[in-house]
Amino acid sequence: MDRTSQWVSSPDIPADLLIRIADDVFPLLKGVMVPKCGYIRKAVAAARGGATATVDLDLSALPGGADAFDKAARYCYGANFEISVRNAAALLCAAAFLDMHPTDGGLARRVEEFLAKVGLRTLPGAVAVLRSCEGLLPAAEEIGVVQRSADAIALRICNEVLFPTRSPPDWWTAELAALSPASFHKVITALRCRRAEPEVLVAAATAYAELLLAEVLAADGHAADHSGMHRALVESVVAVLPSTDDAPLPAAFLCRLLHVAITICASAKTCRDLELRVAAVLDQATAGDLLTVALDSAGERVQNVDTVRRIITAFVERDSAASSGGANGRSRRASLSGAGALQGGGGAMQTVAKTVDEVAAEIATEESLPISKFVGLAGAVPKEARATHDCLYRAVDIYLKAHPALEEMEREKVCSVMDPLKLSYQGRLHASQNNRLPLQAVLSALYYDQLKLRSGDEGGGGWDAYGNGVMRSSAAGSARKQAKEEASLARENEALRSELARMRAYVSGMQQQSKGSSSSRGKKGSWLRTLSRLNPFKAGIWGKDTSGIVDGKTDAMNSVKSKRRRFSIS
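Below is the structure:
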């Protein structure tokens with residue numbers, strides 16, 4: 002009443018219309034309000050008591066509340082009032098609710114002119130209008146002011162990207178932080194409709210998430226008293242991020258956001274969404290990014306290995322689907338050009354394999370890390386995706402060194418993720434002297450080197466680091482000689498002697514449990530025959546088919562059978 006007494010034209014005339022909005026009461030005159038408000042006119046007509054009776058109306062459902070009605074009543078009385086970007090949407094909603102649409106346009110026309118000439122002409126103004134609509138839903142959406150504001154923001158952003166007006170050029174990203182996640186999603190949709198570049202969507206999404214979640218990211222899940230609020234905020238932000246197809250977000254940002262989501266126990270849907278987003282850009286991630294996900298909130302202990310494994314698995318499945326989807330179109334072009342199978346995603350897969358090996362080497366030092374988790378992580382990438390297994394061998398060796406109490410079978414399970422035949426020469430040389438490896442791994446490396454050296458001596462050819470037959474020039478003779486000398490030194494290593502002694506004891510025990518004929522044959526011949534029966538290329542987890550070697554070097558392989566024995570312990 003104090004507020005209306007300042008602008009009511011005839012305070013001496015008793016009020017015959019009381020408008021109640023929550024705790025506010027507006028004593029007004031029916032003669033002033035009825036001609037300009039269709040809603041009040043209908044309410045007064047339906048009221049009982051005659052034309053002179055005082056009508057009491059409750060308008061608590063009015064969008065914008067008492068402030069919006071105060072300005073609407075001022076307009077009806079002809080008093081001055083201010084239209085700003087903060088109340089323009091509320092005035093439009095109030096005018097629509099009160100049915101204030103006379104022949105001259107009324108209040109709605111004046112507000113529309115303000116929005117067209119002032120309110121939506123600048124980015125900060127459009128953001129303020131859209132933000133004011135957040136408390137006016139769904140009325141603001143029904144009259145279209147929400148969509149108009151979002152379109153105006155998208156237009157101003159596109160213009161700012163093309164023709165910057167301020168410094169730094171990305172100043173506009175900070176303006177979006179004032180919006181709620183639902184309003185930000187409408188802006189992203191409007192940008193997509195205007196075919197904005199993916200870089201614009203990425204810049205908007207990352208800046209919005211970092212500014213809106215600044216407190217959550219800084220707390221890193223430690224603020225338990227605000228965990229519920231943080232959880233709801235993170236889930237709402239993740240839900241409105243642009244899709245991966247429209248704008249792939251940076252891997253480092255996604256990994257950090259996933260770590261926070263896991264720490265504050267966000268919903269499974271939110272975590273899975275982030276996992277798939279990281280998988281889509283995994284070839285851009287570093288080992289540090291994945292370690293951010295794998296470690297706990299303190300960054301000291303390995304805790305989320307399964308999450309990293311699911312990310313890698315999703316990337317492999319995505320890469321396989323992409324490769325198979327384009328295989329039909331590529332096969333014809335490859336056959337016409339004479340090229341081999343094209344590796345559409347080979348580069349990305351090799352990059353991811355290297356990153357996974359680095360992550361495996363980092364987490365291998367964790368004493369409480371089970372074998373199954375280590376093997377599941379390191380083996381998530383197919384073996385054929387790695388050109389060489391040296392990095393993977395390093396991770397395996399670190400794990401074996403950090404877990405010295407493993408049994409022989411357990412060490413074999415750890416080593417099952419790598420292929421000793423895909424190690425470089427230096428890697429095989431190190432493996433042959435590594436007493437932490439299981440016996441089968443050592444024998445595989447030694448047998449492979451022996452086979453290469455024999456085939457090189459007899460056939461005049463050789464084998465490259467991955468077992469492919471190649472013709473060597475005469476200049477390679479010195480390299481073969483040096484390789485023989487190094488192999489001889491490796492065979493004389495004391496660690497290797499102890500491993501071979503254990504092998505002889507193991508074979509003797511197995512022979513005693515076998516049939517009589519097997520035991521009689523086991524006592525004859527030299528230890529090299531026993532080694533040939535344990536040929537890792539015929540059976541075991543290290544088995545590998547050598548039929549290609551036999552076909553390519555028939556004469557060389559025939560000479561191998563009669564060649565002198567390389568591994569002598571005399």
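Count along the sequence shown starting at 1, add 1, and that's the number in my numbering.
The beta carbon of each residue, even a glycine, is placed where N, CA and C say it ideally should be.
**OP:** Would you kindly report the start and end of the unbroken alpha helix (DSSP H) that includes V45?
**Re:** Here the alpha helix (DSSP H) through V45 covers 39-47.
Subject >> Residues near S373 in its chain [Cβ-Cβ closer than 8 Å; skip 5 each side] >> reply: Nothing listed; no residue qualifies.
Original post:
From what residue to what residue does the beta strand (DSSP E) around L29 run?
Top reply: Where L29 is concerned, the enclosing beta strand (DSSP E) stretches over 25-29.
Original post:
Are the segment 171-183 and the segment 90-100 touching by the rule of at least three beta carbon pairs closer than 8 Å?
Top reply: These segments do not touch.
**OP:** Assuming E276 and L259 form a contact by the criterion Cβ under 8 Å, report the distance between their Cβ atoms to the nearest whole angstrom.
**Re:** Their Cβ separation, rounded to whole angstroms, is 7 Å, which keeps E276 and L259 in contact under 8 Å.
Original post:
Bridge partners of V303, per DSSP?
Top reply: DSSP lists L296 as the bridge partner or partners of V303.
**OP:** In the DSSP assignment, find the unbroken beta strand (DSSP E) run with D274 in it and report its ends.
**Re:** Run containing D274: none in the beta strand (DSSP E); it sits in the alpha helix (DSSP H), 269-281.
Original post:
In chain order, which beta strand (DSSP E) runs of at least 3 residues are fully inside the segment 193-262?
Top reply: The segment 193-262 is shown to contain no whole beta strand (DSSP E) run of 3 or more residues.
Original post:
Between the segment 412-426 and the segment 374-391, do three or more beta carbon pairs fall short of 8 Å?
Top reply: Yes, the segment 412-426 touches the segment 374-391.
**OP:** Take the Cβ of Q514 as the centre, count every other Cβ of all protein chains shown within 10 Å, and call the residue buried at 16 or more, exposed below.
**Re:** Q514 should be labelled exposed.
**OP:** Thinking L30 and A16 are a contact (beta carbons under 8 Å), I'd like their distance in whole angstroms, please.
**Re:** Under the criterion of beta carbons closer than 8 Å, L30 and A16 qualify as touching, at roughly 6 Å.
Subject >> Neighbour-count burial assignment, G300, 16 or more Cβ in a 10 Å radius >> reply: Burial check for G300: the Cβ neighbour count within 10 Å stays below 16, so the residue is exposed.
**OP:** Would you mind stating whether D391 and S445 have Cβ atoms separated by less than 8 Å?
**Re:** Between D391 and S445, the C-beta spacing is not below 8 Å.
Original post:
Should D546 be labelled buried (16 or more other beta-carbon atoms within 10 Å of its own) or exposed?
Top reply: Model confidence at D546 stands at a pLDDT of 43, short of 50, so the residue's coordinates are unreliable; what they give is reported in the following sentence. Label assigned to D546: exposed.
Original post:
By how many angstroms is the C-alpha of A210 removed from the C-alpha of L283?
Top reply: Between L283 and A210, the C-alpha separation is close to 20 Å.
**OP:** Report the option in A349, Q351, T352, V397 whose CA atom is closest to the CA atom of T366.
**Re:** It is V397.
**OP:** Grab the span of the alpha helix (DSSP H) containing L163 for me, first residue to last.
**Re:** Run containing L163: 146-163, per the alpha helix (DSSP H) assignment.
**OP:** Thinking A248 and A206 are a contact (beta carbons under 8 Å), I'd like their distance in whole angstroms, please.
**Re:** The distance from the Cβ of A248 to that of A206 is about 7 Å, consistent with a contact at the 8 Å cut-off.
Subject >> CA-to-CA distance, T314 to R257, given in whole angstroms >> reply: Rounded to the nearest angstrom, the two C-alpha atoms are 19 Å apart.
Original post:
Between I20 and T166, what straight-line distance do the alpha-carbon atoms span, to the nearest angstrom?
Top reply: Taking the straight line joining both Cα atoms gives about 47 Å.
Original post:
Is T356 closer than 8 Å to A280 when the C-beta atoms are compared?
Top reply: Contact flag unset, no.
**OP:** List the residues that DSSP assigns as beta-bridge partners of I20.
**Re:** According to DSSP, I20 bridges with F27, L58.
**OP:** Out of V146, L401, A219, L60, point me to the one whose CA is closest to V130's CA.
**Re:** Closest in C-alpha terms to V130, from the list V146, L401, A219, L60, comes V146.
Original post:
When DSSP labels each residue in this structure, what does G79 get in the three-state scheme?
Top reply: DSSP, read as helix, strand or coil, puts G79 in coil.
Subject >> Residue interval of the alpha helix (DSSP H) (run including M1) >> reply: Residue numbering for the chain in the displayed model covers 2 to 571; residue 1 lies beyond these limits and cannot be assessed.
Original post:
Going by Cα to Cα distance, which pick from L378, I189, F316, S237 is closest to V303?
Top reply: When the alpha-carbon of V303 is set against those of L378, I189, F316, S237, the nearest one is in L378.
**OP:** Would you identify the three-state DSSP class for I189, choosing helix, strand or coil?
**Re:** Here I189 sits in helix by DSSP.
Original post:
Pick from V415, L108, Q434, A91: whose alpha carbon is nearest that of G39?
Top reply: Out of V415, L108, Q434, A91, L108 has the C-alpha closest to the C-alpha of G39.
Subject >> Rounded straight-line distance, which links the Cα of G229 to that of V45 >> reply: Rounded to the nearest whole angstrom, the CA to CA distance from V45 to G229 is 48 Å.
Subject >> Segment limits, alpha helix (DSSP H) that includes I399 >> reply: From DSSP, the alpha helix (DSSP H) with I399 extends over 391-403.
Original post:
How about L58 and K72: are their beta carbons less than 8 Å apart?
Top reply: No, these two residues do not count as a Cβ contact at 8 Å.
Subject >> Spatially closest choice to V33 from F27, R278, C77, by CA coordinates >> reply: Taking only the C-alpha atoms, the option nearest V33 is C77.
**OP:** Thinking E368 and A403 are a contact (beta carbons under 8 Å), I'd like their distance in whole angstroms, please.
**Re:** Confirmed, Cβ separation roughly 6 Å.
Original post:
When burial is assigned at 16 or more other CB atoms within 10 Å of the CB, is P125 buried or exposed?
Top reply: Under this definition P125 is an exposed residue.
Original post:
Expressed to the nearest angstrom, what Euclidean distance is found between the alpha-carbon atoms of L137 and A95?
Top reply: Their backbone Cα atoms lie some 10 Å apart in a straight line.
Subject >> Alpha-carbon spacing of A54 relative to A240, whole angstroms >> reply: CA-to-CA, the gap between A54 and A240 works out to about 54 Å.
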